[in-house]
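A.B. asks:
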Amino acid sequence: GGAMTDPKGDRSKGPSEQDDPDLFTRIVDSDEKGVYVSGAEAHQTGCINSHWIILMPTIRLTQNDKEYAIVGAIPADVKGLTYIYGRQSCDTRVMEGGGDIDLGNAKFGGREAMMILDRVFIPWDKLFMNGEFEFASMLVERFTCYHRRSYVCKTGLGDVLIGAAATIADYNGVPNVSHIKDKIIEMTHLNETIFAAGIASSHQGHKMKSGVYLNDDMLAQVCKHNVTRFPYEISRLAQDIAGGLMVTLPSEKDFRHPEAGPM
């Protein structure tokens with residue numbers, strides 16, 4: 001996994017200007033074997049599913065921020081690393097137990113966590129940036145270029161939601177009603193627009209001197225912009241098709257209850 005998002009604190013100040021120096025991951029000590037880093041990485045998707053994590057700077061750095069110019073690889077279970085698991089509004093039902101339908105994607109789903117680093121050791125051979133602050137902005141730009149193109153994966157979630165909405169329409173006996181078809185068509189249009197920007201970014205990529213390909217930056221940003229807007233509209237349309245039962249539906253635990261279930 002790649003850990004780039006620091007808590008940041010006061011956004012008007014750089015890392016070295018913060019009241020709390022650990023709001024950005026930084027080198028706090030070094031010896032003949034490597035360096036020690038402290039700080040935090042916020043809302044890291046899939047970090048607890050990873051074997052290795054690469055720590056990276058999150059913004060442009062200056063001469064005063066040299067200790068924050070750190071890129072290094074750490075095992076996910078390294079000493080000094082603590083995960084604070086992210087909570088979500090639907091966690092209560094998931095934790096109650098009693099049925100599989102309330103677990104979501106139990107086998108392949110992912111969650112977020114905050115990573116707290118307390119003098120985490122990185123050996124020299126796993127350290128890829130050590131004070132070269134002038135390269136931080138280039139790293140961030142190239143990482144986000146790749147990452148924002150990868151939001152094309154969200155269309156897979158959209159496909160599932162569109163399929164679920166169509167299935168609900170079937171159960172409700174309204175698959176051929178015009179306004180229902182219009183909503184499903186619009187959901188599909190928005191979802192494929194996200195997909196198109198991501199694929200176009202890849203197709204318009206170019207080969208760098210190293211031989212590695214870099215996708216098109218502008219289209220990657222378009223993909224990111226689309227994915228910050230369209231999934232919410234897709235979800236709204238799905239909710240409109242499904243109705244209030246999606247909010248008040250009993251859990252599997254309720255369906256299996258000896259008294260309430262048969263009702």
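Sequential numbering of the sequence shown, starting at 1, is according to the UniProt record's numbering.
The C-beta atom is built at its ideal place from N, Cα and C for all residues, glycine as well.
Would residue 115 and residue 3 be called neighbours here (beta carbons separated by less than 8 Å)?
C.D. replies: Indexing the sequence shown from 1 puts residue 115 at position 115. Indexing the sequence shown from 1 puts residue 3 at position 3. Contact flag set, yes.
A.B. asks: Taking buried to mean at least 16 other C-beta atoms within 10 Å of its own C-beta, is residue 79 buried or exposed?
C.D. replies: For this step, residue 79 is matched to residue 79 along the sequence shown. Exposed, since its Cβ has fewer than 16 Cβ neighbours within 10 Å.
A.B. asks: Answer yes or no: do residue 148 and residue 223 have a C-beta to C-beta separation smaller than 8 Å?
C.D. replies: Here residue 148 refers to the residue found at position 148 of the sequence shown. Here residue 223 refers to the residue found at position 223 of the sequence shown. Cβ distance < 8 Å, so residue 148 and residue 223 count as in contact.
A.B. asks: If you reduce the DSSP assignment to three classes, tell me which class residue 150 lands in.
C.D. replies: Numbered from 1 along the sequence shown, position 150 holds the residue referred to as residue 150. Three-state DSSP puts residue 150 in a helix.
A.B. asks: Spell out a yes or no on whether the region 60-68 and the region 5-18 are touching, meaning 3 or more CB-CB pairs, one atom from each, closer than 8 Å.
C.D. replies: Contact between the region 60-68 and the region 5-18 is present, because at least three Cβ pairs lie under 8 Å.
A.B. asks: Would you be able to state if there are at least three C-beta pairs under 8 Å between the region 231-242 and the region 183-197?
C.D. replies: Contact between the region 183-197 and the region 231-242 is present, because at least three Cβ pairs lie under 8 Å.
A.B. asks: Can you tell me where the beta strand (DSSP E) with residue 81 in it begins and where it stops?
C.D. replies: Translated into the one-based positions of the sequence shown, residue 81 becomes position 81. Run containing residue 81: 81-85, per the beta strand (DSSP E) assignment.
A.B. asks: Where does the unbroken beta strand (DSSP E) through residue 30 begin, and where does it stop?
C.D. replies: On the sequence shown, position 30 is the one that residue 30 refers to. Looking at the DSSP string, the run of the beta strand (DSSP E) that includes residue 30 is 26-30.
A.B. asks: On the DSSP letters alone, give me the boundaries of the alpha helix (DSSP H) that residue 186 sits inside.
C.D. replies: The count along the sequence shown starts at 1 and reaches residue 186 at position 186. Counting along the chain, the alpha helix (DSSP H) containing residue 186 begins and ends at 178-203.
A.B. asks: Are there 16 or more other CB atoms within 10 angstroms of the CB of residue 154, so buried, or fewer, so exposed?
C.D. replies: What you label residue 154 is simply residue 154 of the sequence shown in a count that begins at 1. It is buried - the Cβ of residue 154 has at least 16 other Cβ atoms within 10 Å.
A.B. asks: Hey, could you find the ends of the alpha helix (DSSP H) residue 236 is sitting in?
C.D. replies: Counting from 1 along the sequence shown, the entry for residue 236 is found at position 236. Start and end: 230-242.
A.B. asks: So residue 71 packs on residue 128, CB below 8 Å; how close in whole Å?
C.D. replies: Position 71 of the sequence shown, counted from the start, is the residue given in the question as residue 71. Position 128 of the sequence shown, counted from the start, is the residue given in the question as residue 128. The pair is a contact, with the Cβ atoms about 4 Å apart (cut-off 8 Å).
A.B. asks: Are there 16 or more other CB atoms within 10 angstroms of the CB of residue 25, so buried, or fewer, so exposed?
C.D. replies: Within the sequence shown, numbered from 1, the residue matching residue 25 stands at position 25. Counting Cβ neighbours within 10 Å, residue 25 comes out buried, since at least 16 surround it.
A.B. asks: Are three or more beta carbon pairs between the region 83-101 and the region 247-255 nearer than 8 Å?
C.D. replies: These segments touch.
A.B. asks: I'd like to check one pair, residue 27 with residue 55: are the Cβ atoms closer than 8 Å?
C.D. replies: Numbered from 1 along the sequence shown, position 55 holds the residue referred to as residue 55. Numbered from 1 along the sequence shown, position 27 holds the residue referred to as residue 27. No, they are not a contact pair.
A.B. asks: Which one of 34, 91, 206 and 109 has the shortest CA to CA distance from residue 125?
C.D. replies: Position 125 of the sequence shown, counting from 1, holds the residue named residue 125. For the residues 34, 91, 206 and 109, the minimum Cα distance to residue 125 belongs to 34.
A.B. asks: Closer than 7 Å to a non-hydrogen atom of the ligand SAH - does that hold for the CB of residue 170?
C.D. replies: Questions concerning the ligand SAH fall outside what the structure shown contains, since it holds no ligand whatsoever.
A.B. asks: DSSP on residue 65, reduced to helix/strand/coil?
C.D. replies: Locating residue 65 in the sequence shown gives position 65, where the first residue counts as 1. Reduced to three states, the DSSP call for residue 65 is helix.
A.B. asks: Can you tell which of 150, 138 and 179 has the C-alpha that lies nearest to the C-alpha of residue 62?
C.D. replies: Walking along the sequence shown from the start, residue 62 turns up at place 62. It is 138.
A.B. asks: Using 10 angstroms around the beta-carbon of residue 23, count the other beta-carbons present and answer buried if the total reaches 16, otherwise exposed.
C.D. replies: Start at 1 with the first residue of the sequence shown, and residue 23 comes out as number 23. That one is buried.
A.B. asks: Between which two residues does the alpha helix (DSSP H) holding residue 94 run?
C.D. replies: Translated into the one-based positions of the sequence shown, residue 94 becomes position 94. Per DSSP, residue 94 belongs to the alpha helix (DSSP H) from 91-96.
A.B. asks: So the beta strand (DSSP E) residue 113 belongs to, where does it begin and stop?
C.D. replies: Taking the sequence shown and counting its residues from 1, one reaches residue 113 at position 113. Where residue 113 is concerned, the enclosing beta strand (DSSP E) stretches over 112-123.
A.B. asks: Can you tell which of 160, 133, 191 and 45 has its C-alpha closest to the C-alpha of residue 230?
C.D. replies: Here residue 230 is taken as the residue at index 230 of the sequence shown, counted from 1. It is 191 whose Cα lies nearest to the Cα of residue 230.
A.B. asks: How big is the Cα-Cα spacing for residue 123 and residue 30?
C.D. replies: The sequence position of residue 123 within the sequence shown is 123, counting from 1. The sequence position of residue 30 within the sequence shown is 30, counting from 1. If I take the Cα positions, the gap works out to 9 Å.
A.B. asks: Nearest CA to the CA of residue 91: which residue from 111, 168 and 171?
C.D. replies: Position 91 of the sequence shown, counted from the first residue, corresponds to residue 91. The residue with the shortest Cα to Cα distance from residue 91 is 111.
A.B. asks: Throw me the rounded Cβ distance for the residue 145 and residue 217 pair, which I believe falls under 8 Å.
C.D. replies: Here residue 145 is taken as the residue at index 145 of the sequence shown, counted from 1. Here residue 217 is taken as the residue at index 217 of the sequence shown, counted from 1. 5 Å between Cβ atoms; contact.
A.B. asks: Out of curiosity, what's the CA-to-CA distance linking residue 259 and residue 247?
C.D. replies: Reading the sequence shown from its first residue, position 259 is the one you call residue 259. Reading the sequence shown from its first residue, position 247 is the one you call residue 247. Rounded to whole angstroms, residue 259 to residue 247 spans 22 Å at the Cα level.
A.B. asks: So if DSSP puts residue 71 in a beta bridge, which residue, or which two residues, is it bridged to?
C.D. replies: On the sequence shown, position 71 is the one that residue 71 refers to. Beta-bridge pairing links residue 71 to 129.
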